[in-house]
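Trainee:
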Amino acid sequence: MTIENDDGSHSGRNSPEYQEFLGQRALLVDDNEINLKVLEVRLKKKGFKTTITTSPKEALDLLESRTFDLVLLDLVMPEITGLEILDFVRKKHSAIELPVIMTTAQLESSNVISAFDKGANDYITKPIDFKVAWARIRTHLTIKKLNEDLEKKRQDSVEHARMGTLVDMAGSVAHEINNPLTIILGWVQLLNNSVEKGSPKEKILIGLDNIFQSVLRVESVVRGLSAFAKEGGGEEVQDLSIQNVLQTTLSICQTTLSDMGISFVSQDLKSDVVIRGREGMFIQVFFNLIKNSMEAIKNLEERWIKINFETSDEELIIYFTDSGGGIPKEIQSKIMIPFFTTHEMEKGETAIGLGLSVCKGIIEEHGGSFRLNSEVDNTQFIISLKINS
13 MTIENDDGSH
23 SGRNSPEYQE
33 FLGQRALLVD
43 DNEINLKVLE
53 VRLKKKGFKT
63 TITTSPKEAL
73 DLLESRTFDL
83 VLLDLVMPEI
93 TGLEILDFVR
103 KKHSAIELPV
113 IMTTAQLESS
123 NVISAFDKGA
133 NDYITKPIDF
143 KVAWARIRTH
153 LTIKKLNEDL
163 EKKRQDSVEH
173 ARMGTLVDMA
183 GSVAHEINNP
193 LTIILGWVQL
203 LNNSVEKGSP
213 KEKILIGLDN
223 IFQSVLRVES
233 VVRGLSAFAK
243 EGGGEEVQDL
253 SIQNVLQTTL
263 SICQTTLSDM
273 GISFVSQDLK
283 SDVVIRGREG
293 MFIQVFFNLI
303 KNSMEAIKNL
313 EERWIKINFE
323 TSDEELIIYF
333 TDSGGGIPKE
343 IQSKIMIPFF
353 TTHEMEKGET
363 AIGLGLSVCK
373 GIIEEHGGSF
383 RLNSEVDNTQ
393 FIISLKINS
């Protein structure tokens, strides 16, 4: 059975509203138990799981130990005020993550302004008109849900981009490994003949050294791919040498660069310049930038990629430049938008227009900045990162 409430909504268990908010967890805090009981009954009819308390101290304990989707908080209470509890909430949760609606019988504008300044989402005046209260509750929970859905889609798109990069890396790895494996096979055959013919020890040692160097090359390529793949499994933040990350990334695509006739030059960076971050994420940034440059300059007469650094006591600036003629002005504002691409996709390609937006997101997640430099003749991106001193 569906019951029509005096606010015009329907509260039966099969009603859309009940199903929409079924299981939502609301914390109700008020020093007036009658107010709490009335609100509790009304919200339970909407499918909410409610927790009520008249004690501000207990409210703090509940917020510390439990998870809620909504807080209705009395502004004026003894011992600990609603504003103090709001302060506690906002240190842990943003206004989008946990909506807080203040309830108050005091209509002084200063109190309302103070509540908003401290991060309240909204306020309801007492005595509570549930039609108004419900409209505001529903609005803020809808915003919360839309934000959660958007974040999930963003995470899905980032993972999609990561898997696309992983596929591209796998193709590069196969190409990179083929050369050293061919060298190893050739030297094994040659050494086998040398041993049978009693060749000089020096010649055998040269062969073994070539095999060893080729194995190191394969190991470097595989390690780069493994570091990137591990990022999806919760790689830990660690001290990173950007120089080493670049070398690891380069090991994955060096042969491809050489085959395309692209010169890659990286300025030396002191080994003691380190940042805090996830290695796999930075490999993804540099691989995407190199891949974009390869695609952009592959048909030019002059083909090069250069990386330069500037350092201060607190900041590392990375200039990633290629021989391209820069990004056209009409699309400069769009290139960081997810799924925007100037590359016409061919059947079977896995690349999607997320590379630069993902790079920007990763760098910003690490407290840095990522931007296009439109003031140079070539194509240049500038990355700024905090040095871990």
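Numbering (this note's numbering), first residue to last: 13 to 401.
All C-beta atoms in this analysis are idealised placements derived from N, C-alpha and C, irrespective of residue type, glycine included.
Would a C-beta distance cut-off of 9 Å place Asp-134 and Met-114 closer than the cut-off?
Mentor: Numbered from its first residue, the sequence shown carries residue 134 at position 122. Numbered from its first residue, the sequence shown carries residue 114 at position 102. Result yes, Cβ atoms of Asp-134 and Met-114 sit closer than 9 Å.
Trainee: To the nearest angstrom, how far is the alpha carbon of Ala-308 from that of Phe-321?
Mentor: Here the question's residue 308 lines up with position 296 in the sequence shown. Here the question's residue 321 lines up with position 309 in the sequence shown. Near 23 Å, if we compare the C-alpha coordinates of Phe-321 and Ala-308.
Trainee: Could you give the residue range of the beta strand (DSSP E) that holds Val-112?
Mentor: The residue given as residue 112 occupies position 100 in the sequence shown. Run containing Val-112: 112-116, per the beta strand (DSSP E) assignment.
Trainee: Between the alpha carbons of Met-293 and Ser-386, how many angstroms are there, rounded?
Mentor: Here residue 293 refers to the residue found at position 281 of the sequence shown. Here residue 386 refers to the residue found at position 374 of the sequence shown. Distance between the alpha carbons of Met-293 and Ser-386 is about 25 Å.
Trainee: Between Ile-319, Ile-136, Asn-300 and Lys-164, which lies nearest to His-152 when the distance is taken from Cα to Cα?
Mentor: To locate residue 152, count along the sequence shown from 1; it is residue 140. Nearest option by C-alpha distance: Ile-136.
Trainee: For Pro-111 and Glu-160, what's the separation of their Cα atoms in angstroms?
Mentor: Translated into the one-based positions of the sequence shown, residue 111 becomes position 99. Translated into the one-based positions of the sequence shown, residue 160 becomes position 148. C-alpha separation (whole angstroms): 13 Å.
Trainee: Please look up how many angstroms separate the CB atoms of Phe-60 and Gln-31, rounded, as I've assumed it's under 8 Å.
Mentor: As a working note, residue 60 is residue 48 in the sequence shown. As a working note, residue 31 is residue 19 in the sequence shown. Not a contact, Cβ separation roughly 12 Å.
Trainee: Using the Cα positions of Lys-104 and Ile-64, report the straight-line distance between them to the nearest angstrom.
Mentor: Residue mapping note: residue 104 aligns to position 92 of the sequence shown, counting from 1. Residue mapping note: residue 64 aligns to position 52 of the sequence shown, counting from 1. Taking the straight line from one Cα to the other gives about 21 Å.
Trainee: Look up Val-285 in the DSSP assignment and say whether it is helix, strand or coil.
Mentor: By one-based count along the sequence shown, residue 285 stands at place 273. Looking at Val-285 - three-state DSSP - the assignment turns out to be coil, as it is neither helix nor strand.
Trainee: How big is the Cα-Cα spacing for Val-83 and Thr-93?
Mentor: Translated into the one-based positions of the sequence shown, residue 83 becomes position 71. Translated into the one-based positions of the sequence shown, residue 93 becomes position 81. Whole-angstrom Cα-Cα distance: 14 Å.
Trainee: Using a 10 Å radius around the Cβ and a threshold of 16 neighbouring Cβ atoms, would you call Asp-129 buried or exposed?
Mentor: Mapped onto the sequence shown, residue 129 falls at position 117. Exposed: under 16 other Cβ atoms inside 10 Å.
Trainee: Indicate the three-state DSSP secondary structure (helix, strand or coil) for Arg-102 in the structure shown.
Mentor: The residue given as residue 102 occupies position 90 in the sequence shown. The answer is helix: DSSP assigns Arg-102 an H, G or I state.
Trainee: From what residue to what residue does the beta strand (DSSP E) around Glu-327 run?
Mentor: Position 315 of the sequence shown, counted from the first residue, corresponds to residue 327. Glu-327 -> beta strand (DSSP E) spans 327-334.
Trainee: Can you tell me the Cα-Cα spacing of Glu-313 and Val-285, whole angstroms?
Mentor: Within the sequence shown, residue 313 is the residue found at index 301, counting from 1. Within the sequence shown, residue 285 is the residue found at index 273, counting from 1. Taking the straight line from one Cα to the other gives about 35 Å.
Trainee: Count the other CB atoms within 10 Å of the CB of Leu-55; is the residue buried (16 or more) or exposed (fewer)?
Mentor: For this step, residue 55 is matched to residue 43 along the sequence shown. Flag for Leu-55 reads buried.
Trainee: Would you kindly work out how many angstroms separate the C-alpha atoms of Asn-390 and Glu-76, rounded to a whole number?
Mentor: Against the sequence shown, residue 390 aligns to sequence position 378. Against the sequence shown, residue 76 aligns to sequence position 64. Approximately 53 Å between the Cα atoms of the pair.
Trainee: Rounding to the nearest angstrom, what Cα-Cα distance links Leu-34 and Ala-145 in this structure?
Mentor: Translated into positions along the sequence shown, residue 34 becomes position 22. Translated into positions along the sequence shown, residue 145 becomes position 133. One C-alpha to the other measures close to 18 Å.
Trainee: Grouping DSSP H, G and I as helix and E and B as strand, with all else coil, what is Arg-166?
Mentor: To locate residue 166, count along the sequence shown from 1; it is residue 154. It is helical.
Trainee: For Thr-66, which option in Leu-262, Thr-79 and Leu-87 has the closest C-alpha, if you only look at C-alpha atoms?
Mentor: On the sequence shown, position 54 is the one that residue 66 refers to. The option with the nearest alpha carbon to Thr-66 is Leu-87.
Trainee: Quick one: grab the DSSP three-state call for Gln-279.
Mentor: Translated into positions along the sequence shown, residue 279 becomes position 267. Note: Gln-279 maps to coil in three-state DSSP.
Trainee: Hey, Leu-252 and Ile-302 are a contact pair by Cβ (cut 8 Å); roughly how many whole angstroms apart?
Mentor: Taking the sequence shown and counting its residues from 1, one reaches residue 252 at position 240. Taking the sequence shown and counting its residues from 1, one reaches residue 302 at position 290. Leu-252 to Ile-302, Cβ: 18 Å. No contact.
Trainee: Helix, strand or coil for Lys-310 per DSSP?
Mentor: As a first step, residue 310 must be located in the sequence shown, where it is residue number 298. The answer is coil: DSSP assigns Lys-310 none of H, G, I, E or B.
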